[in-house]
Amino acid sequence: MIEKLIIKNIASYTDEGVELAGLKKINFIYGANGTGKTTISNYLADQSNDDYSYCHIVWQHNQPYQCLVYNKKFREENFKGSIKGVFTLGKSAKEDIEMIQAKQKELEDLEGKAKQQKKTLDDKKGSGGELDSLTGEFSDKIWQLAYRKYEQDFKPAFRGHIKNKKVFSLEVVRKYDQFIRELKDIKLDELQARAKTVFNDVSPQHINELITINFDEGIAIIENGIWQKRVIGKGDVDIAKLIQQLNMNDWVDKGREYLLESSNTCPFCQQDTVDDQFKKKLENYFDTEYKQNIDTIVQLYDRFEQYCNNLLSKLNSITQQETEYSDYFDKDIFSSYQLGLEAKLRNIGSAMVNKRTEPSRLISLETPSLVIYNMNQLIIKTNEKIKQHNDIVQNYEREKESLILDVWMYIISVNQSLIRSYIGKKNGLKKAIESIEEQLNNKRKAYSELKAEIKNLEKNITSVQPTVDEINRLLRNMGFENFQLVSAREQKNHYQIQRENGELATETLSEGEMTFITFLYFLQLAKGSVEKTDVSEKRILVIDDPISSLDSDVLFVVSTLLKDFIHDLRRQENKYPIKQLILLTHNIYFHKEVSYNGSGQETCKHTNFWVLKKQDKKTMLKAYKQINPIQTSYQLLWDELKDRDKLSSITLQNTMRRIIEYYFKVLGGFEDKNLISRFENYQDQQICRSLLSWINDGSHTIYDDLYISGLENTIGRYFEVFKQIFINEGHKKHFDMMLGINNKQDDPINISQEAITP
75 MIEKLIIKNI ASYTDEGVEL AGLKKINFIY GANGTGKTTI SNYLADQSND
125 DYSYCHIVWQ HNQPYQCLVY NKKFREENFK GSIKGVFTLG KSAKEDIEMI
175 QAKQKELEDL EGKAKQQKKT LDDKKGSGGE LDSLTGEFSD KIWQLAYRKY
225 EQDFKPAFRG HIKNKKVFSL EVVRKYDQFI RELKDIKLDE LQARAKTVFN
275 DVSPQHINEL ITINFDEGIA IIENGIWQKR VIGKGDVDIA KLIQQLNMND
325 WVDKGREYLL ESSNTCPFCQ QDTVDDQFKK KLENYFDTEY KQNIDTIVQL
375 YDRFEQYCNN LLSKLNSITQ QETEYSDYFD KDIFSSYQLG LEAKLRNIGS
425 AMVNKRTEPS RLISLETPSL VIYNMNQLII KTNEKIKQHN DIVQNYEREK
475 ESLILDVWMY IISVNQSLIR SYIGKKNGLK KAIESIEEQL NNKRKAYSEL
525 KAEIKNLEKN ITSVQPTVDE INRLLRNMGF ENFQLVSARE QKNHYQIQRE
575 NGELATETLS EGEMTFITFL YFLQLAKGSV EKTDVSEKRI LVIDDPISSL
625 DSDVLFVVST LLKDFIHDLR RQENKYPIKQ LILLTHNIYF HKEVSYNGSG
675 QETCKHTNFW VLKKQDKKTM LKAYKQINPI QTSYQLLWDE LKDRDKLSSI
725 TLQNTMRRII EYYFKVLGGF EDKNLISRFE NYQDQQICRS LLSWINDGSH
775 TIYDDLYISG LENTIGRYFE VFKQIFINEG HKKHFDMMLG INNKQDDPIN
825 ISQEAITP
């Protein structure tokens with residue numbers, strides 16, 4: 075049977091959805107049209123449909139059953155032309171039927187025993203529950219005796235296994251199996267001393283060694299021959315001798331920058347002494363070789379400057395930041411070396427700038443080899459210390475692993491009796507569970523074999539004829555005599571609806587006739603199957619508004635037919651293969667009729683009630699458990715009358731009319747004229763007619779006549795007429811009972827108490 079039903083993300087059901095939890099054998103769901111009843115029935119009829127991918131069913135004992143659903147879709151799908159025949163057990167072959175019934179009883183007994191054994195596994199008092207309880211107790215104890223007791227000293231040894239008590243206890247058992255054969259004598263104080271060193275809050279980490287300074291590129295630039303070369307113009311030009319004799323090579327080259335191509339003015343003396351021939355001689359003197367040497371000087375300087383910037387940036391990263399190797403590195407000495415290096419590099423750079431300004435000058439550049447050597451020696455010594463540290467780290471990890479193993483071994487040693495006892499009891503329970511599971515598997519096998527036997531027997535004796543006979547009998551009893559079910563002429567094991575004259579009637583039936591015959595067909599289907607071999611298969615009945623187009627007489631019959639299934643569900647032994655009923659309706663009177671049971675509190679054991687409502691276009695659900703919410707609404711109307719002095723005239727009038735409508739017209743079947751004719755006084759007749767006409771109008775708005783407009787002054791008179799209606803029809807005792815009036819001399823109630831007691 076279904077224990078829980080979750081409906082969400084479909085139609086008017088939101089992402090939050092609704093949850094029908096605690097479903098019983100019999101379940102009544104009331105809801106107005108459009109509140110989502112059909113969505114529920116459609117899902118139960120077609121659970122694999124992708125539209126319902128967010129919906130979910132929780133089955134009792136994980137045992138699903140077929141859901142047989144009656145709703146609008148069922149009526150549309152099953153009454154087109156011919157109808158599939160419903161196989162039920164025939165009236166003949168008594169011995170075979172008795173054999174099937176015996177096999178079915180055997181099957182149910184087997185199922186019951188299997189469920190009991192499953193309960194033994196899963197229940198708290200069963201083997202499974204006992205194992206869970208044992209494991210829980212052990213987890214609590216070992217958590218206190220092993221973890222909590224030694225947490226302060228040895229917590230790092232337990233890391234990765236202290237997420238919760240269960241995880242820790244599983245690791246204890248695993249370690250027990252690992253160490254029990256090689257336990258050694260370990261002293262607690264020695265463990266604690268080792269732990270203080272190894273389990274320090276900040277454990278040592280591996281440190282990367284420093285990289286020594288490579289100044290090869292700087293040396294190559296410094297030792298380039300260009301710095302010792304006098305870069306001057308070409309010597310075979312006639313002006314070369316004078317320029318070189320006066321050593322004014324750089325001065326002349328600089329002056330060329332100010333010599334305009336279109337001017338003959340000398341940039342030095344400012345006289346018009348420069349002609350094209352002189353310009354040509356200057357161009358020949360400062361030839362291509364000269365220009366290449368100048369470019370070399372500029373490029374080498376730029377490279378050297380970039381190289382020095384990168385080098386100093388790396389050195390700054392060592393001296394200016396707190397690093398993991400600070401404990402092994404003499405930052406002060408290194409910084410002093412760095413300052414010396416920076417000074418030397420600045421001097422070299424200045425000399426290169428001078429060379430670039432005066433290419434003919436010879437400069438001598440001294441490489442900072444000594445200071446770089448000293449810096450590298452300091453780095454080498456630092457790396458030696460770092461290597462020693464890393465060796466310690468490597469040994470530390472080994473020591474830590476050894477200590478962790480010894481801690482666990484100690485824990486196992488001091489708690490071995492507790493662990494051994496737990497493992498012994500656990501293994502015993504596991505054997506019992508394995509035995510039960512083996513028995514369960516055997517029962518499953520036997521269950522399948524029994525079902526196969528029953529199906530084989532049913533093939534020979536099932537028939538569609540009893541279904542035809544039963545439906546036709548009910549049709550005749552209800553006055554539907556102008557049509558009946560007959561076997562289809564062209565399709566084996568199918569029905570057709572036929573008029574008295576032999577014509578097929580499917581297309582000419584009224585909505586009420588179609589609804590009623592469809593429902594009768596469904597009820598027969600609930601007792602049998604369209605397949606020969608599935609007659610006794612267990613199933614869930616889901617019924618969605620079966621009386622939408624039926625009159626009160628048919629409503630009563632439908633309710634009575636359903637009550638037969640409801641009473642059967644309450645029995646210890648069932649005559650129908652139905653495990654559960656879920657009934658959905660918008661009809662308040664049908665709900666009250668079908669849900670009422672005269673046996674009192676016994677109903678509560680098997681029944682639950684729900685109400686579906688729509689708020690802001692979203693379906694909401696309210697559970698009432700065993701309290702019938704529709705049954706209570708009638709009592710609430712009378713409770714309002716008890717406090718009538720506090721009600722407005724319109725509210726009081728509305729309340730009285732709703733009581734008359736329900737009690738006399740729906741349940742009692744009284745005609746308006748009969749109720750009115752009981753009054754001799756014309757004014758009282760008019761008041762009675764006013765009450766009844768408002769009911770008949772169906773609008774439930776203020777009725778516009780003389781007595782309504784003057785109601786404020788005649789409210790007492792209206793109440794007296796309301797009371798007199800009950801007296802006139804012999805139901806004053808019901809009136810007094812509902813208002814809590816104790817009067818022993820009133821006439822007895824004529825209408826069946828079962829029909830009116832809320």
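In our numbering, the protein residues as written are 75 to 832. Note that CB positions come from ideal geometry on N, CA and C, so glycine has one too.
Looking at S561, F102 and I76, the one whose alpha-carbon comes closest to that of K699 is F102. In the DSSP assignment, E440 falls outside any beta strand (DSSP E) and carries neither an H nor an E. Restricting attention to H665, K679 and Y670, the CA atom closest to the CA of V685 is found in H665.
A buried status is given to V92, since no fewer than 16 other beta-carbon atoms sit within 10 Å of its beta-carbon.
In this structure, V143 is the residue among V143, N661 and L262 with its C-alpha nearest to the C-alpha of I652. If you look at A231, you'll find it in the alpha helix (DSSP H) that goes K223 to F232. A distance below 8 Å between beta-carbons, with the five flanking residues on each side excluded, links I260 to the following residues of its chain, in chain order: D480, M483, Y484 and S487.
Here the region 98-115 makes no contact with the region 567-574; the two share fewer than three CB pairs at distances below 8 Å.
Considered as a whole, the region 591-663 harbours 626-644 as its complete alpha helix (DSSP H) runs of no fewer than 4 residues, in chain order. In the three-state reduction of the DSSP assignment, V305 falls in the coil class. Here R731 is buried. Its C-beta has 16 or more other C-beta atoms within 10 Å. The three-state reading of DSSP puts R255 in coil, since its state is none of H, G, I, E or B. Going by beta carbons, I621 and N661 fall inside the 8 Å limit. Under DSSP, S561 shares a beta bridge with Y569.
The residue among L597, W133 and E185 with its C-alpha nearest the C-alpha of R149 is L597.
Taking one beta carbon from each stretch, the region 78-86 and the region 118-132 have 3 or more pairs nearer than 8 Å; the two touch.
Counted as a single uninterrupted DSSP element, the stretch harbouring G105 is not any alpha helix (DSSP H) but the beta strand (DSSP E) occupying residues I100 to G105. In this structure, the straight-line span from the alpha carbon of T431 to that of N383 is close to 22 Å. Within the region 664-737, the alpha helix (DSSP H) runs of at least 4 residues that lie entirely inside it are, in chain order, 676-680, 703-716 and 723-734. Secondary structure note for H130: it is in no alpha helix (DSSP H), and the uninterrupted beta strand (DSSP E) holding it is H130 to W133. For L813, same chain residues with a beta-carbon under 8 Å away, outside a window of 5 residues either side, are W712, L715 and K716 in chain order. In this model, I287 and L389 are separated by some 9 Å (Cα to Cα). The residue among Y402, L594 and R304 with its C-alpha nearest the C-alpha of S434 is R304.
Short of 6 Å from the beta carbon of Y402, and not among the five residues preceding or following it, lie these beta carbons of its own chain, in chain order: T456, K459 and I460.
In this structure the region 233-242 does not lie against the region 490-505, because fewer than three pairs of beta carbons, one per stretch, are closer than 8 Å.
Between H680 and K189 a beta carbon distance of about 18 Å is seen, past the 8 Å cut, so the two are scored as non-contacting. If you look at Q394, you'll find it isn't in any beta strand (DSSP E); DSSP assigns it neither H nor E. Three or more beta-carbon pairs separated by less than 8 Å are not found between the region 261-268 and the region 505-517, which leaves the two stretches without contact. Taking a 10 Å sphere around the C-beta of T582, we find fewer than 16 other C-beta atoms and assign the residue as exposed. For the pair M694 and I733, the Cα-to-Cα distance works out to about 28 Å.
Beta-bridge analysis with DSSP links I750 to no other residue. From the listed residues Q709, D746, Y126 and Q468, the smallest Cα separation to T729 is found for Q709. The Cβ-Cβ distance between K418 and W301 does not fall below 8 Å.
A95: member of the beta strand (DSSP E) spanning V92 to A95, first to last residue. Closest by C-alpha distance to M552, out of L374, K111, V795 and F630, is F630.
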